[in-house]
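The structure appears right after this line, and notes come after that.
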Amino acid sequence: MEKENIVELKNISVAFDGEQVLDGLNLEIKDKEFITLLGPSGCGKTTTLRLIAGFLEPDSGDVLFGGEKINGVPSYKRQVNTIFQRYALFPHLNVYENIAFGLRVKKRPEKEIKEKVAEMLRLVNLAGLEKRHIDTLSGGQQQRVAIARAIANHPKVLLLDEPLAALDLKLRKDMQKELKKIQQQLGITFIFVTHDQEEALTMSDRVVVMDGGKIQQVGSPQDIYNEPQNAFVADFIGESNIVDGNMLRDYFVEFSGQKFDCLDKGFAENELVDVVVRPEDVDIVAPEKGMLKGQVTSVAFLGVHYEIIVDIGGFKWMIQTTDEHFVGDNVGLYIEPDAIHIMKKSRYSGLYGDYSSYSEEMDEMNEMAEEAAK
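Residues 0 to 373 (numbering that gives the first Met the number 0) are what the sequence shown spells out, left to right.
Next up, the structure:
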């Protein structure tokens with residue numbers, strides 16, 4: 000059964016000091032889903048969160064909650080709670096009192112507060128730490144207290160503004176799993192803001208990719224990764240080789256001077272397009288077996304695989320492979336039809352997808368390493 004929309008943003012525009020921050024934004028958020036707003040700094044994702052929280056009003060457009068318009072409704076009257084990057088815990092209160100704070104504000108009976116705090120402590124794996132003071136806790140433990148406090152009142156929607164940014168990598172990965180588990184157990188809608196692509200792909204039911212105050216694409220993590228709608232999305236979500244192409248006809252495209260079978264259709268004959276090929280979807284083969292031929296210009300070993308830059312007619316491709324190759328090797332590239340994804344030209348065309356600068360950075364780093372070793 001189709002879930003109902005819990006939050007709807009309709010034609011939202013916001014400007015600060017004459018600069019457009021959100022531009023005609025439309026978004027539907029389903030009940031009980033984990034949705035992530037993803038994009039670079041300044042793309043409008045935190046502004047979108049603040050509109051839903053009631054910390055900010057749109058210049059034009061409507062915010063709906065459960066189908067009811069809530070423009071002008073103050074934040075404390077919305078069934079929404081927010082967790083910020085800085086957890087804003089009360090240092091003079093212990094763990095128990097931090098979690099109980101919102102319940103006390105709502106004048107809940109003491110017995111109910113005690114039961115609810117105990118339940119929250121179990122949920123975030125902090126049982127036994129209720130008497131601890133906030134400044135004696137690790138970053139990860141403080142994060143858990145902030146989550147427990149935010150969900151103790153059982154809001155319908157929890158807003159999370161880069162809440163894992165301050166944690167180290169291992170702790171972040173642990174907390175990603177923890178947050179997803181908590182969200183599924185509670186059945187609360189989570190609206191999560193991050194600029195970290197991996198975080199968005201790992202945790203979300205749907206991802207909203209934003210840039211320049213506009214939504215570039217909304218979809219499941221798999222859709223966003225495998226079927227990006229423009230060069231910005233393709234580049235922002237993982238690594239991508241993005242080359243100019245010509246869609247000769249349905250299922251047949253020309254790029255890098257060669258013709259390829261592909262799985263895409265619905266473009267005009269001879270339409271100029273952007274072609275995306277993910278680095279992990281390319282096989283390096285002997286030159287005579289390659290559909291494209293080039294020379295290896297840099298090699299980096301990343302533990303699981305090598306990142307290899309291959310110069311093909313002046314355009315630098317990135318290939319990720321477990322096979323070792325060496326700078327100066329002449330190689331062929333073999334690309335299956337399902338590894339080729341065709342996108343319409345956009346204002347982002349020509350801005351991404353060539354690893355020339357990456358190759359130069361690698362060369363500089365290698366030279367510095369050699370100097371240091373002398």
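The beta carbon of each residue, even a glycine, is placed where N, CA and C say it ideally should be.
Given the structure is predicted, the values throughout are model-derived calculations rather than measurements.
With contacts defined as CB atoms closer than 9 angstroms, residue 154 and residue 79 qualify as a contacting pair.
In the DSSP annotation of this structure, the continuous segment of the alpha helix (DSSP H) that includes residue 145 starts and ends at 138-150. Three or more Cβ pairs closer than 8 angstroms define a contact, and the segment 200-218 meets that threshold against the segment 31-47. For residue 299, the three-state secondary structure derived from DSSP is strand.
In the DSSP assignment, residue 82 is bridged to 159. Apart from sequence neighbours up to five positions away, the residues of its chain that approach residue 24 with a beta-carbon distance below 8 angstroms are 8, 10, 11, 12, 43, 47, 60, 212, 213, 214, ordered along the chain. Where residue 229 is concerned, there is no enclosing alpha helix (DSSP H), because DSSP gives it neither an H nor an E.
At the C-beta level, residue 190 and residue 339 stay beyond 9 angstroms of one another.
The beta strand (DSSP E) runs of length 3 or more contained entirely in the segment 15-44 are, from start to end of the chain, 18-29, 33-37.
Counting only runs that start and end inside the segment 206-284, the alpha helix (DSSP H) elements of at least 4 residues fall at 220-225, 230-235. The Cβ atoms of residue 291 and residue 239 do not sit closer than 9 angstroms to each other. If you compare the alpha carbons of 253, 210, 245 with that of residue 234, the shortest gap goes to 210. DSSP places residue 321 outside both helix and strand once states are collapsed to three, so it counts as coil. Assigned with DSSP and collapsed to three states, residue 333 falls in strand. Going by beta carbons, residue 81 and residue 157 fall inside the 9 angstroms limit. In the displayed model, residue 10 falls within a strand according to three-state DSSP. Under the Cβ criterion (8 angstroms, minimum of three pairs), the segment 176-193 does not count as touching the segment 100-113.
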